[in-house]
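In the working numbering, the protein residues as written are 117 to 490.
From the three backbone atoms N, C-alpha and C, an ideal C-beta is built for every residue, glycine too.
This one's a predicted model, so the numbers in the text were calculated from it and none came from an experiment.
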Amino acid sequence: MKRIFAIFLAACMLLALHACAKRAAAPDGAAEGGAVEAAGTAGKPAVAAGPLSPVDGKTVAFISRSADDPFYAAAKEGARSYAAQWGMELRCPDELGQLAAIQQAIDEGVDAICISAGDADGLEDKLKEAMDAGICVSTWDTDVSPDARALMVAQGSASTLGAMLVEMGVASLRERGVDVNEEVLYVWRSTLAEDESLPAWYAAAKDHIRANYPAWVEVDAPYCSGQEDSVAVAEALLEDYPTVGLILCGDSAALTGQCQAAHNKGLGAENLTITGFCPPSAMQIYLDAGVCTRWGLWDCGMQAAMSCYLAAFLAAGNDVRVGDVVDIPRIGSVEILANSALAEGQETAEKNNGVVLLPERVVFTAENAANYNF
Numbered sequence: 117m118k119r120i121f122a123i124f125l126a127a128c129m130l131l132a133l134h135a136c137a138k139r140a141a142a143p144d145g146a147a148e149g150g151a152v153e154a155a156g157t158a159g160k161p162a163v164a165a166g167p168l169s170p171v172d173g174k175t176v177a178f179i180s181r182s183a184d185d186p187f188y189a190a191a192k193e194g195a196r197s198y199a200a201q202w203g204m205e206l207r208c209p210d211e212l213g214q215l216a217a218i219q220q221a222i223d224e225g226v227d228a229i230c231i232s233a234g235d236a237d238g239l240e241d242k243l244k245e246a247m248d249a250g251i252c253v254s255t256w257d258t259d260v261s262p263d264a265r266a267l268m269v270a271q272g273s274a275s276t277l278g279a280m281l282v283e284m285g286v287a288s289l290r291e292r293g294v295d296v297n298e299e300v301l302y303v304w305r306s307t308l309a310e311d312e313s314l315p316a317w318y319a320a321a322k323d324h325i326r327a328n329y330p331a332w333v334e335v336d337a338p339y340c341s342g343q344e345d346s347v348a349v350a351e352a353l354l355e356d357y358p359t360v361g362l363i364l365c366g367d368s369a370a371l372t373g374q375c376q377a378a379h380n381k382g383l384g385a386e387n388l389t390i391t392g393f394c395p396p397s398a399m400q401i402y403l404d405a406g407v408c409t410r411w412g413l414w415d416c417g418m419q420a421a422m423s424c425y426l427a428a429f430l431a432a433g434n435d436v437r438v439g440d441v442v443d444i445p446r447i448g449s450v451e452i453l454a455n456s457a458l459a460e461g462q463e464t465a466e467k468n469n470g471v472v473l474l475p476e477r478v479v480f481t482a483e484n485a486a487n488y489n490f
């Protein structure tokens, strides 16, 4: 049974590699810091009539941190969809490592690089080399130092994402009759231990728990793993802490791995709460199996596309400063914020440096997950 379920999961994740679209606009009133739990309508962004975009003809190297993860595959497809409408050429050197992909972009003389950094420290010198060669660099999802890129498009502040994770867990705990004001044993799971943003979300989640659920108790340490051993580490967690009540997963591989481990051990949402961030297509199987009832994400395709657009926008000769507003065709207006919006105390250069935040995130449940096709 486990083997059949694992094969089914693999097929599901392969399907996710071929589908990503801009979801419909969130209900009125959704703002940064909020998570929308409502039905949506899937579909690719409509192509509106009008003049060519300011980035028409620009070439962007889109460098992902993982070609196989459904989150990054969905983001790439979304970026490609938008880029085609904007008249941009998107190059995706998935077969190369990130350092080699940056070098190839330099050799080819692309206009811009958009990257989700796998190893910030190991990439920054090469990204600075690209900038010295006149290539505009932007990041999304995972960042590098501000002096190694121009703009970063983030899914939200650490406090927003940490609180969202906890509150999704709270909603599911209450669904199974748990008094969240009493003691709950919880643990943090991640397969991206080297990523600087995840510890920030983890710290923010702990702060939110201390302020709102002081009776909760965390296990001795976070459970981190690589993607390849995510299920094995998740099973070990369940063996080490059989009374754990809530597992918060900071990335899609951790969430799917933890759900698979719970399923392998015959655990369901009625006796264990697992939540985290993941594309809906990769989690539908666990929703149907009754392993997980609630998880979240953001429009990763839009996020990646925005990062590509902003890098190409700067490459076209435009300058931006903190407080400026940039209109992105088919998406809307975004504001350039200081880097301190993500990392307290981080400095921001006078121009062409800063952060853009996505306006909202979405919570997936049985009521709305099927309405999204990424």
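Nearest by alpha-carbon distance to residue i: which of the options is it?
| i | options | result |
| --- | --- | --- |
| Met389 | Glu224, Leu277, Val282 | Just to set this straight, residue 389 is Thr in the shown sequence, not Met. Residue Val282 is the option with its Cα nearest to Thr389. |
| Leu277 | Ile447, Ser261, Pro396, Arg477 | Arg477 |
| Val228 | Ile218, Pro330, Asp367, Val269 | One detail in the question is off: residue 228 reads as Ala in this sequence, not Val. Ala228 has its Cα closest to that of Ile218, out of Ile218, Pro330, Asp367, Val269. |
| Thr307 | Lys322, Gly342, Asp336 | Gly342 |
| Trp317 | Thr359, Ala246, Ala431, Gly366 | Gly366 |
| Ser275 | Asp241, Ala264, Ile251, Ala319 | Ala319 |
| Ile447 | Gly285, Ser423, Glu205 | Ser423 |
| Ala431 | Val349, Pro330, Asp336, Cys230 | Cys230 |
| Arg265 | Gln271, Ala279, Gly272, Gly250 | Gly250 |
| Trp414 | Leu364, Thr359, Leu474, Gly361 | Leu474 |
| Arg290 | Arg410, Glu483, Glu240 | Arg410 |
| Ala279 | Ile325, Ala377, Glu351, Leu206 | Ile325 |
| Thr391 | Gly412, Pro186, Ala405, Gly238 | Gly412 |
| Tyr488 | Ile452, Gly417, Thr359 | Gly417 |
| Val286 | Arg207, Ala378, Leu364, Leu383 | Leu364 |
| Glu355 | Asp223, Glu344, Gly382 | Gly382 |
| Ala183 | Arg196, Ser197, Asp210, Pro330 | Asp210 |
| Trp304 | Asp237, Glu344, Asp263, Lys322 | Lys322 |
| Ala337 | Leu353, Ala331, Glu344 | Leu353 |
| Leu314 | Val472, Gln271, Ala331 | Gln271 |
| Val226 | Ala331, Asp237, Ala454, Val176 | Val176 |
| Asp237 | Asp263, Asp248, Cys208 | Asp263 |
Assuming residue i contacts residue j under a Cβ cut-off of 8 Å, what Cβ separation, rounded to an integer in Å, is found between them?
| i | j | result |
| --- | --- | --- |
| Lys174 | Ala428 | 4 Å |
| Tyr425 | Val253 | With 8 Å as the limit, Tyr425 and Val253 do not qualify as a contact, their Cβ atoms being about 14 Å apart. |
| Val407 | Ala385 | 6 Å |
| Ala233 | Arg181 | 7 Å |
| Val450 | Gly470 | Not quite, the Cβ-Cβ distance comes to about 11 Å (not below 8 Å), so this is no contact. |
| Tyr302 | Gly361 | 7 Å |
| Ala377 | Val347 | 5 Å |
| Ile222 | Glu245 | 7 Å |
| Tyr329 | Val296 | 6 Å |
| Leu453 | Val472 | 7 Å |
| Gln220 | Leu212 | 6 Å |
| Glu351 | Asn387 | In fact, because the Cβ distance is near 16 Å, the residues do not count as touching under 8 Å. |
Just grab the DSSP bridge partners of residue i for me.
| i | result |
| --- | --- |
| Tyr339 | Arg305 |
| Ile390 | Ile363 |
| Cys230 | Phe178, Ser254 |
| Val471 | Met268, Leu453 |
| Glu334 | Tyr302 |
| Leu206 | Val176 |
Got a sec: does the ligand FAD put a non-hydrogen atom nearer than 7 Å to the Cβ of residue i?
| i | result |
| --- | --- |
| Ser254 | Summarising the ligand content, the structure contains no ligands, and the ligand FAD is consequently not present. |
Residue i CB to nearest chain D CB: under 8 Å?
| i | result |
| --- | --- |
| Thr359 | In the structure shown, chain D does not exist; there is a single protein chain. |
Inset, instruction - Give, in chain order, every unbroken run of the beta strand (DSSP E) that is at least 3 residues long and sits entirely within the stretch 232 to 289. - result: For the stretch 232 to 289, whole beta strand (DSSP E) runs of length 3 or above, ordered along the chain, are 252 to 256, 267 to 270.
Inset, instruction - Determine, using beta-carbon pairs with one atom in the stretch 451 to 466 and one in the stretch 240 to 258, whether at least three such pairs fall under 8 Å. - result: Contact between the stretch 451 to 466 and the stretch 240 to 258 is absent: fewer than three C-beta pairs spanning the two stretches fall below 8 Å.
Inset, instruction - Decide if the stretch 208 to 217 is in contact with the stretch 464 to 472; the criterion is three or more beta carbon pairs, one per stretch, under 8 Å apart. - result: With a cut-off of 8 Å, the stretch 464 to 472 and the stretch 208 to 217 do not count as touching, because too few Cβ pairs lie within range.
Legend entry - Inter-stretch contact (C-beta, 8 Å, three-pair minimum) for the stretch 361 to 381 and the stretch 436 to 453: The stretch 361 to 381 is not in contact with the stretch 436 to 453.
Legend entry - Complete beta strand (DSSP E) runs within the stretch 392 to 447 (minimum length 3 residues, chain order): With a minimum length of 3 residues, the unbroken runs of beta strand (DSSP E) contained wholly in the stretch 392 to 447 fall at 411 to 413, 441 to 444.
Legend entry - Three CB pairs or more closer than 8 Å across the stretch 180 to 194 and the stretch 393 to 400: Remark: three or more beta-carbon pairs, one from each stretch, lie closer than 8 Å, so the stretch 180 to 194 and the stretch 393 to 400 are flagged as touching.
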